[in-house]
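Participant:
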Amino acid sequence: MTTTQSHDSVFHFNENVVVNEEMKNAYNKNGYVLIKGILSPAEISKLRSACEGSKGVSKHAFGRSDGSMNTRVSLWNHPGDDVTGIMVRTNKIAETMEQLMGGDEIYHYHSKLLMKDAKTGGAFVWHQDYGYWYNYGNLFPDMSSVFIPIDDCRKENGCLQVLKGSHLLGRLDHGSVGEEGKSQMGADMEKVNQAIKQHELVYVEMDAGDALFFHCNLLHTSSQNLSDHRRWVFIVAYNKRSNNPYKEHHHPQYTKLHKVPDSALLSCNEVENLDGKWFMNPMDDQ
Numbered sequence: 001m002t003t004t005q006s007h008d009s010v011f012h013f014n015e016n017v018v019v020n021e022e023m024k025n026a027y028n029k030n031g032y033v034l035i036k037g038i039l040s041p042a043e044i045s046k047l048r049s050a051c052e053g054s055k056g057v058s059k060h061a062f063g064r065s066d067g068s069m070n071t072r073v074s075l076w077n078h079p080g081d082d083v084t085g086i087m088v089r090t091n092k093i094a095e096t097m098e099q100l101m102g103g104d105e106i107y108h109y110h111s112k113l114l115m116k117d118a119k120t121g122g123a124f125v126w127h128q129d130y131g132y133w134y135n136y137g138n139l140f141p142d143m144s145s146v147f148i149p150i151d152d153c154r155k156e157n158g159c160l161q162v163l164k165g166s167h168l169l170g171r172l173d174h175g176s177v178g179e180e181g182k183s184q185m186g187a188d189m190e191k192v193n194q195a196i197k198q199h200e201l202v203y204v205e206m207d208a209g210d211a212l213f214f215h216c217n218l219l220h221t222s223s224q225n226l227s228d229h230r231r232w233v234f235i236v237a238y239n240k241r242s243n244n245p246y247k248e249h250h251h252p253q254y255t256k257l258h259k260v261p262d263s264a265l266l267s268c269n270e271v272e273n274l275d276g277k278w279f280m281n282p283m284d285d286q
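Heads up, the sequence shown is in full-length UniProt numbering, so the first residue is 1 and it goes up one at a time.
(1) Going by CA-CA distance only, name the one from Gly56, Cys51, Val18 that's closest to Val273.
(2) If you draw a straight line from the C-alpha of Gly181 to the C-alpha of Gly131, how long is it?
(3) Taking only the alpha-carbon atoms, compute the straight-line gap between Gly63 and Thr71 and give it to the nearest angstrom.
(4) Leaving out the 5 sequence neighbours to the left and right, which residues in its chain are closer than 6 angstroms to Lys164 when beta-carbon positions are compared?
(5) For Ser49, which of helix, strand or coil comes out of DSSP?
(6) Consult DSSP for Pro282 and reduce its assignment to one of helix, strand or coil.
(7) Looking at Gly158 and Ser222, is the spacing between their C-beta atoms short of 8 angstroms?
(8) Buried or exposed for Gly276, going by 16 or more other Cβ atoms inside 10 Å?
(9) Is Gly103 helix, strand or coil when you go by DSSP?
(10) According to DSSP, is Ile235 part of a helix, a strand, or is it coil?
(11) Would you say Val83 and Cys216 are within 8 angstroms of each other, going by their C-beta atoms?
(12) Taking the alpha helix (DSSP H) that Gln198 falls in, what are its first and last residues?
(13) Hey, would you say Ala211 sits closer than 8 angstroms to Phe140, going by beta carbons?
(14) Check whether the region 236 to 253 touches the region 97 to 109, taking contact to mean three or more Cβ pairs, one atom from each stretch, closer than 8 angstroms.
(15) Quick one: Cα of Ala118 to Cα of Gly85, how far?
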C-alpha cells in the first residue's frame with residue numbers, strides 16, 4: 001500500500017511540549033515522527049539564507065551522482081557556532097531527538113545539506129543509514145536523523161519515501177546497487193522487495209520548516225528531481241554517547257553537545273564563521 005502521508009506519525013509543533021508519550025509510541029512503532037512547523041517562517045528563512053550564502057556551508061559542496069543526475073552535498077562533523085550549528089543545538093531539535101531516542105545523552109554525529117536542484121537532482125537508492133554507520137564502529141543502532149526541508153518537498157521534486165515500521169527489520173546487508181559505474185551503496189534489494197510487500201510505503205511530503213525525526217534502520221529512498229522546483233534539505237544525525245564508535249573514522253567520536261535555547265537561532269548572525277566544523281572531503285568517504 002502506498003500513501004502520501006501517514007497520520008499516526010504526524011504532529012504539530014507545540015513549544016510547551018517537547019515529546020509526549022504519543023510521539024514516543026509513534027516513533028517506536030513506525031520508525032519516525034513528522035513534526036509540522038517546528039521552525040517558524042522567520043527561522044526557516046534565516047536557515048535558508050545561511051545555506052544559500054556563497055561563503056557559508058554550501059561552498060564546501062561536492063557531487064553525488066546516480067549515474068545520470070547529480071545531487072550536491074555539503075557535510076560537516078561538528079555543529080559549530082554559525083546559524084546551521086545553532087539550529088541543530090536548539091532544544092526543539094536536539095532535545096526532541098534525545099527524548100525520542102530514550103532520554104540518554106546524544107551528540108552531533110554529522111550534518112549535511114543535500115541540494116537536489118531543479119531538473120538535475122539525482123536519486124538515492126533504498127538504504128538504511130545504519131547500513132553504513134555500523135561499519136564505522138557504532139555497535140548499536142542507537143542513532144537517528146532529523147530531516148528538515150529548506151524547500152517544500154513533494155513527490156514531483158523527489159521527496160523522501162519511507163517504509164513505515166521497517167526499522168524493526170534490523171540492519172540489512174548493504175552493497176553496490178545499480179549498473180557498474182552507476183552504482184550506489186544500498187540495502188539488499190531481495191530483502192527490500194519483500195519489505196515493500198509487508199510495510200506501507202509513505203511519500204513524506206513536507207513543507208519548509210517541518211522536521212522528520214527517523215530511526216537509523218528505517219528504509220528510505222528518494223527519486224530524481226525532474227520538476228521545475230529545487231529540493232534542498234538539511235539533515236542532522238545524532239548518536240548516543242553510550243554508542244561512542246570504538247574506532248576513529250571520518251565521522252566523529254563522542255563530543256559534548258552544548259544545547260541552546262530555541263531563541264538562539266534568531267539571535268545568531270554568524271554565517272561565514274565555519275571554524276571547527278570539520279567539513280568532509282569526499283575522498284575520505286569510506
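For every residue, glycine included, the Cβ atom is placed at its ideal position computed from N, Cα and C. Predicted, not measured: the structure shown is a model, and the values here were computed from it.
Facilitator: Reading off the structure:
(1) The question names Val, but residue 273 is Asn in the sequence shown. The residue with the shortest Cα to Cα distance from Asn273 is Gly56.
(2) Bear in mind that a pLDDT of 49 at Gly181, under 50, signals an unreliable position, so the number given afterwards is only what the model happens to contain. About 21 angstroms.
(3) 6 angstroms
(4) Ser6, Asn30, His199, Glu200, Val202
(5) helix
(6) helix
(7) It is a contact, given that the beta carbons lie within the stated cut-off.
(8) exposed
(9) Correct three-state label for Gly103: coil.
(10) Three-state result, Ile235: strand.
(11) Taking 8 angstroms as the Cβ cut-off, Val83 and Cys216 do not qualify as a contacting pair.
(12) 189 to 198
(13) no
(14) Output reads yes: the region 97 to 109 touches the region 236 to 253.
(15) When rounded, the distance between both Cα atoms is 27 angstroms.
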